[in-house]
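Student: Okay, here's the structure, questions in a sec.
Numbering (the working numbering), first residue to last: 297 to 477.
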C-alpha cells in the first residue's frame, strides 16, 4: 500500500524470461499485487513469474503489448486495486521512480501519470538520435493535440487510478505496441 492506496503493478511480458526476475525483484515493498501478463511467450516467461504477490495470466495467442496491458488492467480492477502501474518486463524502468508516478494520484492532482525518461540526461544521451528526434516530434504533437505538457509521450511507465480505468473503453483500446505510447 502506498499512502493509503492499494497498488497493482501490471507487467506485460513477451519472451522476457531472462530479465523478468530482475524486474520483479526490484519492485518496491509497498506494491500490493503484481500481475505478469505473459503474451504467449515461448521462452519460459510464465515460469519466471513467481513470488508471493505475483499472479501470472497467460495469453494463449500473442495479442500485443496493448492487449497485455488491458488484461492486466482488468485483473487490477477485479482485485480491488486503487492504482495500476505499468512496468515493462525488460528491467528498463526504474522502480525507485514509482513514487513520482504515484504522488500526483495520491494528491488528487491527476488520474493518469506518464513517466519521463528524457528528464534524466543520461537516459536521453543513450537514446539513439533518430529515436530521440522521433520522440520529441511525437511529444510535441501530443502537447498540441491534448494541451498537456508531455515531454516523453513514448514512455510506457504509467500509473492510473481505478476510477479512470473504470471509465476507459478497455475493449476498444488498440492491442498492439501503439497503445502504451
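C-beta: ideal position from N, C-alpha, C; glycine also.
From residue 339 to residue 312, what does the alpha carbon distance come to, in whole angstroms?
Tutor: The count along the chain shown starts at 1 and reaches residue 339 at position 43. The count along the chain shown starts at 1 and reaches residue 312 at position 16. Spanning the two alpha carbons is a distance of roughly 7 Å.
Student: According to DSSP, residue 455 sits in a beta bridge with which residue or residues?
Tutor: For the purposes of this step, residue 455 is taken as residue 159 along the chain shown, with counting starting at 1. Looking at the DSSP assignment, residue 455 forms a beta bridge with 381 and 409.
Student: Closest to residue 341 by C-alpha separation, out of 365, 321, 326 and 310, would be which residue?
Tutor: Within the chain shown, the letter at position 45 stands for residue 341. Cα-wise, what sits closest to residue 341 is 310.
Student: Can the beta-carbon of residue 457 be found less than 7 Å from the beta-carbon of residue 379?
Tutor: For the purposes of this step, residue 457 is identified with residue 161 of the chain shown, where counting begins at 1. For the purposes of this step, residue 379 is identified with residue 83 of the chain shown, where counting begins at 1. Going by C-beta atoms, residue 457 is nearer than 7 Å to residue 379.
Student: Would you check if the distance between the CB atom of residue 361 and the CB atom of residue 424 is smaller than 7 Å?
Tutor: The residue labelled residue 361 in the question sits at position 65 within the chain shown. The residue labelled residue 424 in the question sits at position 128 within the chain shown. It is not a contact, given that the beta carbons lie outside the stated cut-off.
Student: Any chance the stretch 357-372 sits against the stretch 321-337, with 3 or more Cβ pairs inside 8 Å?
Tutor: Result yes; three or more Cβ-Cβ pairs closer than 8 Å.
Student: Given a cut-off of 7 Å, decide if residue 387 and residue 319 are closer than it, judged by their beta-carbon atoms.
Tutor: Locating residue 319 in the chain shown gives position 23, counting from the first residue. Locating residue 387 in the chain shown gives position 91, counting from the first residue. Yes; because the gap between Cβ atoms is below 7 Å, this pair is in contact.
Student: Nearest by alpha-carbon distance to residue 377: which of 323, 411, 393 and 460 is it?
Tutor: In the chain shown, counting from the first residue as 1, residue 377 sits at position 81. Closest option to residue 377, Cα to Cα, is 460.
Student: For residue 315, which residues from the same chain have a beta carbon less than 7 Å from its beta carbon, with the 5 sequence-adjacent residues on both sides left out?
Tutor: The residue you call residue 315 lines up with position 19 of the chain shown. Result list for residue 315: 385, 386 and 387, in chain order.
Student: Can you tell me whether residue 389 is buried or exposed? The criterion is at least 16 other CB atoms within 10 Å of its CB, across all chains shown.
Tutor: Looking up residue 389 in the chain shown gives position 93. Counting Cβ neighbours within 10 Å, residue 389 comes out buried, since at least 16 surround it.
Student: Taking 7 Å as the CB-CB cut-off, is residue 359 touching chain B?
Tutor: No chain B is part of this structure, which consists of one protein chain only.
Student: Does DSSP classify residue 461 as helix, strand or coil?
Tutor: As a working mapping, residue 461 is identified with position 165 in the chain shown. The answer is helix: DSSP assigns residue 461 an H, G or I state.
Student: Check each candidate in 330, 427 and 443 and name the one with the smallest Cα separation from residue 375.
Tutor: The residue labelled residue 375 in the question sits at position 79 within the chain shown. Of the candidates 330, 427 and 443, the residue whose Cα lies closest to the Cα of residue 375 is 330.
Student: So, for residue 351: in the same chain, excluding its five sequence neighbours on each side, which residues have a beta-carbon less than 6 Å away from its beta-carbon?
Tutor: On the chain shown, position 55 is the one that residue 351 refers to. Same-chain partners within the cutoff: 331.
Student: Residue 335 lies in the beta strand (DSSP E); which residues open and close that run?
Tutor: Walking along the chain shown from the start, residue 335 turns up at place 39. It spans 329-335 - the beta strand (DSSP E) in which residue 335 sits, taken as one unbroken run.
Student: Residue range of the beta strand (DSSP E) that residue 304 falls in?
Tutor: Along the chain shown, read from residue 1 onward, the residue named residue 304 stands at position 8. In the DSSP annotation of this structure, the continuous segment of the beta strand (DSSP E) that includes residue 304 starts and ends at 303-309.
Student: Measure the C-alpha to C-alpha separation of residue 348 and residue 327 and round it to an integer number of angstroms.
Tutor: For this step, residue 348 is matched to residue 52 along the chain shown. For this step, residue 327 is matched to residue 31 along the chain shown. Computed Cα separation, rounded: 11 Å.
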